[in-house]
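Chains as they are written, first to last, in this note's numbering: chain A, 907 to 1119; chain B, 907 to 1119.
2 protein chains.
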Amino acid sequence: MTGRVRVFVVDDHALFRSGVKAEIGDAVDIVGDVGTVDEAILAIRATKPDVVLLDVHLPNGGGRAILEGLADGLPNTKCLALSVSDAADDVIGVIRAGARGYVTKTITREELLDAIRRVHAGDAVFSPRLAGFVLDAFAGSAPLASDPEMDRLTHREQEVLRLIARGYTYKEVAARIHVSVKTVETHVSSVLRKLQLSNRHELTAWATDRRLL
Amino acid sequence: MTGRVRVFVVDDHALFRSGVKAEIGDAVDIVGDVGTVDEAILAIRATKPDVVLLDVHLPNGGGRAILEGLADGLPNTKCLALSVSDAADDVIGVIRAGARGYVTKTITREELLDAIRRVHAGDAVFSPRLAGFVLDAFAGSAPLASDPEMDRLTHREQEVLRLIARGYTYKEVAARIHVSVKTVETHVSSVLRKLQLSNRHELTAWATDRRLL
DNA sequence: GACGCCATCGGGGACGACCCTGGTTGATCC
DNA sequence: GGATCAACCAGGGTCGTCCCCGATGGCGTC
């Protein structure tokens, strides 16, 4: 343990990797740098760095492929995405895959060093504004609102739909809404026909998809 | 527009609200402070502050109830959770409900002012380490890894479990793994017995719970 | 070699899921 | 008054689910 953070750099542009090394190599230990997904997975497993600076856009799968390749093991290696892109999809995708931060390449030397140290300490680091993408995706997700498909169902059908999707048997649904099993069958049939589904499993999937549970 | 950030304080302890006002009232505009959920929703809608400092633990629903009550409208009002708790569930819950940051009450005056300004600017602010909870929850995480329950199943049983949980019929599973329907029945029976479940719906729920799909 | 575990099958049975063809009632609309 | 539709119910059938009882062969352990 040198006391200095051990950093690994992944970027398909050798010039950029040189730049990073020149800029921060005096403040952290650059333990390796590569330009391809396959090399990255092997080398990161071998060197076990503290922090991986990860370019999001790479040939053969990009940064996400590397994160997924490293998914098991390496609990002490944090990945910090470093990209020219500030698109919400890029940010969310790479965070979902396991990155602990996301900063754009417009960052200054001091900000990058601070980001590396904070990620290493367990914090999450984002360029201002990008964090909002992640929180938006995490919090609201699809408000779904009034689903036109759902409006085509009668009240009773929607009621039965919800219960069936939760895994209740016809008999249990019947007891709960105080009608006969045959009536439940009728309602379920209507629901399946109207939604063009073929069985209750698809119905469960349909309902989960729309967060009706 | 005064140029100063307009802040609203929600906390059920009047002493704490006084403390906040005394500490940062000279640097930001405190446009209101209340101690209950209902008052908060009404007053925040009326004053439209830039940032709401929100206590997580309140009678009658807590900070989440307020966030849900404010869910519509007020796109320019950001909520910053301010709590004594550093429990992952609290953090994730309030962020999922729409808060843009979460800091603990051990924060210093300067850190709080910085957090308020950053949240107002659209950034997300977390006490170090708490951000990790959110990213873990978001990344789908739950490393689950070696589930002791899962280890008690044989390879073939786990294989069948996954397919059944996805909604395939016995016949479809049989075709997919090239065995007879009877063999699939046997495996499913073993799985249900070992996991102490009673039907495939519970099995689906069990699997989703563990993110095995 | 006996024993246990796994994977592979089978018969038979009880029950649930799903479909089809019917039927009644009551409310609403024209 | 006729047409339409939601909601309710029944009979009867096919197929899926889940259980019981078995059986065989392979493989590793003591």
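Using N, Cα and C, we set each Cβ at its ideal position, and we do this for glycine too.
Bear in mind that the values here come from a model prediction, so they are computed numbers and not experimental data.
By the 10 Å Cβ neighbour count, where 16 or more other Cβ atoms means buried, how is Leu921/A classified, buried or exposed? Here residue 921/A is taken as the residue at index 15 of the first sequence, counted from 1. With fewer than 16 other Cβ atoms within 10 Å, it is exposed.
Which runs of the beta strand (DSSP E) fall wholly inside the stretch 953-1032 of chain A and span at least 3 residues, in chain order? 957-961, 984-989 and 1007-1010
Quick one: does Leu1103/B have its CB under 8 angstroms from some CB of chain A? Taking the second sequence and counting its residues from 1, one reaches residue 1103/B at position 197. Any Cβ of chain A closer than 8 angstroms to the Cβ of Leu1103/B would place that residue at the interface, and such an atom is absent.
From the beta carbon of Gln1028/B, is the nearest beta carbon of chain A less than 8 angstroms away? Residue 1028/B sits at position 122 when you count from the first residue of the second sequence. Residue identity check: residue 1028/B is Gly in the sequence provided, not Gln. At least one chain A Cβ lies under 8 angstroms of Gly1028/B.
Val911/A (DSSP reduced to helix, strand or coil): Along the first sequence, one-based indexing puts residue 911/A at 5. Residue state for Val911/A is assigned as coil, using DSSP reduced to three classes.
Does DSSP classify Val934/B as helix, strand or coil? For this step, residue 934/B is matched to residue 28 along the second sequence. Here Val934/B sits in coil by DSSP.
At the 8 angstroms Cβ level, is Ala1037/B part of the contact set with chain A, yes or no? To locate residue 1037/B, count along the second sequence from 1; it is residue 131. Chain A contact via Cβ: present.
Starting from Asp1115/B, follow the alpha helix (DSSP H) in both directions and report where the run begins and ends. Residue 1115/B sits at position 209 when you count from the first residue of the second sequence. First-last of the alpha helix (DSSP H) with Asp1115/B: Arg1106 to Asp1115.
Can you find a C-beta in chain A that's less than 8 angstroms from the C-beta of Ile1013/B? The sequence position of residue 1013/B within the second sequence is 107, counting from 1. Answer no: the Cβ-Cβ gap between Ile1013/B and chain A never drops below 8 angstroms.
Would you mind giving the Cβ-Cβ distance between Val1067/A and Leu1109/A, rounded to the nearest angstrom? I have them listed as a contact below 8 angstroms. For the purposes of this step, residue 1067/A is taken as residue 161 along the first sequence, with counting starting at 1. For the purposes of this step, residue 1109/A is taken as residue 203 along the first sequence, with counting starting at 1. Rather than Val, the amino acid found at residue 1067/A in this sequence is Leu. 7 angstroms between Cβ atoms; contact.
Can you grab the Cα-Cα spacing for the pair Ala977/B / Arg1002/B, in whole Å? Counting from 1 along the second sequence, the entry for residue 977/B is found at position 71. Counting from 1 along the second sequence, the entry for residue 1002/B is found at position 96. Each residue's alpha carbon lies about 11 angstroms from the other.
Is Lys984/B buried or exposed, if buried means 16 or more other CB atoms sit within 10 Å of its CB? Along the second sequence, one-based indexing puts residue 984/B at 78. By the beta-carbon neighbour count (other beta carbons within 10 angstroms, threshold 16), Lys984/B is buried.
Nearest-angstrom Cα distance between Leu1050/A and Gly1038/A? Translated into the one-based positions of the first sequence, residue 1050/A becomes position 144. Translated into the one-based positions of the first sequence, residue 1038/A becomes position 132. A caution first: Leu1050/A carries a pLDDT of 43, below 50, which makes its placement in the model too unreliable to give a value.
Please confirm whether Ala987/B and Gly969/B have their CB atoms less than 8 angstroms apart. Reading the second sequence from its first residue, position 81 is the one you call residue 987/B. Reading the second sequence from its first residue, position 63 is the one you call residue 969/B. Against a cut-off of 8 angstroms, the Cβ pair of Gly969/B and Ala987/B comes out as a contact.
Specify, as a first and last residue, the run of the alpha helix (DSSP H) that His1084/A falls within. Residue numbering aside, residue 1084/A sits at position 178 when the first sequence is read from its first letter. Looking at the DSSP string, His1084/A is not in any alpha helix (DSSP H), and its letter there is neither H nor E.
Using a beta-carbon distance cut-off of less than 9 angstroms, what residues from the stretch 996-1007 of chain B approach chain A? Ile998, Ile1001, Arg1002, Ala1003, Gly1004, Ala1005, Arg1006 and Gly1007
Under the DSSP definition of a beta bridge, which residues are partnered with Val940/A? To locate residue 940/A, count along the first sequence from 1; it is residue 34. For Val940/A, which the question treats as bridged, DSSP gives the partners Val916/A.
Length of the line joining the Cα atoms of Trp1112/B and Arg1099/B: Numbered from its first residue, the second sequence carries residue 1112/B at position 206. Numbered from its first residue, the second sequence carries residue 1099/B at position 193. Cα-Cα distance, rounded: 13 angstroms.
Would Glu1063/A be called buried (16 or more neighbouring beta carbons within 10 Å of its own) or exposed? Here residue 1063/A is taken as the residue at index 157 of the first sequence, counted from 1. Buried: at least 16 other Cβ atoms inside 10 Å.
Backbone CA spacing between Ile930/A and Thr1014/A [nearest angstrom]: For the purposes of this step, residue 930/A is taken as residue 24 along the first sequence, with counting starting at 1. For the purposes of this step, residue 1014/A is taken as residue 108 along the first sequence, with counting starting at 1. So the two alpha carbons sit approximately 10 angstroms from each other.
Report the three-state DSSP secondary structure of Thr1075/B (helix, strand or coil). By one-based count along the second sequence, residue 1075/B stands at place 169. DSSP places Thr1075/B in coil when its eight states are reduced to three.
I want to see whether chain B comes within less than 8 angstroms of Ala1111/A, judged by CB atoms only; does it? Working through the first sequence from its first residue, we reach residue 1111/A at position 205. Answer yes: the Cβ-Cβ gap between Ala1111/A and chain B drops below 8 angstroms somewhere.
Under 8 angstroms, CB to CB, which of the residues in the stretch 1063-1087 of chain A have a partner in chain B? Against chain B - using a Cβ distance shorter than 8 angstroms - the residues of the stretch 1063-1087 of chain A are Gly1073.
Decide if Asp995/A is buried, meaning its Cβ has at least 16 other Cβ atoms within 10 Å, or exposed. Here residue 995/A refers to the residue found at position 89 when the first sequence is read from its first residue. If you draw a 10 Å sphere on the C-beta of Asp995/A, you find fewer than 16 other C-beta atoms in it, and that means exposed.
Which of the three DSSP states, helix, strand or coil, is assigned to Arg1068/A? On the first sequence, position 162 is the one that residue 1068/A refers to. The answer is helix: DSSP assigns Arg1068/A an H, G or I state.
Report the rounded CA-to-CA distance for Arg1006/B versus Val1031/A, giving the unit in angstroms. Along the second sequence, read from residue 1 onward, the residue named residue 1006/B stands at position 100. Along the first sequence, read from residue 1 onward, the residue named residue 1031/A stands at position 125. In a straight line, the C-alpha of Arg1006/B is about 14 angstroms away from that of Val1031/A.
Assuming Leu959/A contacts Val997/A under a Cβ cut-off of 8 angstroms, what Cβ separation, rounded to an integer in Å, is found between them? The residue given as residue 959/A occupies position 53 in the first sequence. The residue given as residue 997/A occupies position 91 in the first sequence. Rounded, the Cβ-Cβ distance is 16 angstroms, inconsistent with contact.
Check whether chain A comes within 8 angstroms of Leu976/B, counting only Cβ atoms and requiring the distance to be less than that. In the second sequence, residue 976/B corresponds to position 70, counting from 1. Leu976/B does not count as touching chain A.
Taking the Cβ atom as the reference point for each residue, do Val957/A and Ser991/A lie within a distance shorter than 8 angstroms? Position 51 of the first sequence holds residue 957/A. Position 85 of the first sequence holds residue 991/A. No, the pair does not count as a contact, with Cβ atoms beyond the cut-off.
Measuring straight from C-alpha to C-alpha, what distance separates Val940/A and Ala1081/B? By 1-based counting over the first sequence, the position of residue 940/A is 34. By 1-based counting over the second sequence, the position of residue 1081/B is 175. Their backbone Cα atoms lie some 44 angstroms apart in a straight line.
Excluding five sequence neighbours on each side, which residues of the same chain lie with their C-beta closer than 7 angstroms to the C-beta of Ile1070/A? Counting from one through the first sequence, the residue named residue 1070/A turns up at place 164. Only Val1079, Val1094, Arg1106 and Leu1109 meet the Cβ criterion.
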